[in-house]
Structure formats: structure tokens, C-alpha cells
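**Q** Structure below; questions to follow.
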Amino acid sequence: MILAQVLGTVVSTRKDRGLVGLKLMLCRELDATLKPLGNYVVAVDAVGAGTDEVVLVASGSSARLTEASKDKPVDAVITGIVDVVEVGGRDVYSKREGVTA
47 MILAQVLGTV
57 VSTRKDRGLV
67 GLKLMLCREL
77 DATLKPLGNY
87 VVAVDAVGAG
97 TDEVVLVASG
107 SSARLTEASK
117 DKPVDAVITG
127 IVDVVEVGGR
137 DVYSKREGVT
147 A
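The sequence shown begins at 47 in the working numbering and counts up by one.
Listed below in C-alpha cells is the structure:
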């Protein structure tokens with residue numbers, strides 16, 4: 047899984063039938079201390095994530111295993127909203143407090 051931040055939504059009026067009704071989000075990959083990396087991905091939102099939230103993104107064949115994405119033409123899906131990230135016994139992120147490190 048990939049740790050990422052939701053940057054916003056992606057709207058596509060013309061798309062494959064398998065994508066109709068799915069919410070697409072633009073996500074930026076993060077490192078373990080929540081610093082942005084240069085990788086971006088458009089992911090199906092399976093959990094109701096919002097802009098600026100830190101999320102877990104599954105990719106590849108694993109992305110097609112959620113209820114929202116099963117048998118759909120997707121390569122990435124948001125599978126969780128992160129509450130806390132702990133590295134070396136220290137919280138580097140708390141949803142309540144934001145980045146703490």
C-alpha cells in the first residue's frame with residue numbers, strides 16, 4: 047500500500063462504463079514522515095476520503111478487490127483514511143493534529 051495525501055477530485059464525463067458512478071481523487075504519494083514525493087495517482091475513493099486527508103492507496107491487482115472496484119478497470123483505490131502514523135515510537139502524524147514531526 048501507498049501512503050498518500052488527497053489533493054482534490056478528478057472529473058471525467060467520458061469514461062469506461064466500469065468507472066461510471068465512482069469518485070476519482072488525485073493523490074500525492076508521501077514518505078514515512080509525510081513529506082510529499084513526486085509521484086501522483088488518480089485513485090477510486092472506496093471510503094469517502096476528502097481533500098487534504100492522509101490515506102492508504104492500494105494499487106495493481108489489489109486495487110480491484112474492494113466492493114467499489116471489483117472487476118472495474120482501475121489501478122489504484124483509496125482503501126483507508128489514516129488516523130495516526132508512528133515511526134520509531136514517535137507519532138509523526140495525527141489526523142487530529144496534522145503533521146507533528
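The C-beta atom is built at its ideal place from N, Cα and C for all residues, glycine as well.
Using the DSSP secondary-structure output, state which residues sit across from leucine 83 in a beta bridge.
**A** Looking at the DSSP assignment, leucine 83 forms no beta bridge with any residue, so it has no partner.
**Q** Using 8 angstroms for Cβ pairs, my map puts valine 131 next to leucine 83. What's the rounded Cβ distance?
**A** Not quite, the Cβ-Cβ distance comes to about 15 angstroms (not below 8 angstroms), so this is no contact.
**Q** For glycine 64, does the three-state DSSP call read helix, strand or coil?
**A** helix
**Q** I think alanine 89 touches alanine 122, with their Cβ atoms under 8 angstroms apart; what is that distance to the nearest whole Å?
**A** 4 angstroms
**Q** Using only alpha-carbon positions, find the residue among Thr112, Ile124 and Ala50 that is nearest to asparagine 43.
**A** The question about residue 43 has no answer here: the residues shown for the chain are numbered 47 through 147.
**Q** Answer yes or no: do valine 93 and isoleucine 48 have a C-beta to C-beta separation smaller than 7 angstroms?
**A** Not closer than 7 angstroms, so no.
**Q** Might you give, ordered along the chain, the residues of its own chain that have their beta carbon closer than 7 angstroms to the beta carbon of alanine 95, omitting 5 neighbours on each side?
**A** Val52, Met71, Val101, Ile124 and Ile127
**Q** Alpha carbon to alpha carbon, what distance is there between tyrosine 139 and aspartate 77?
**A** 12 angstroms
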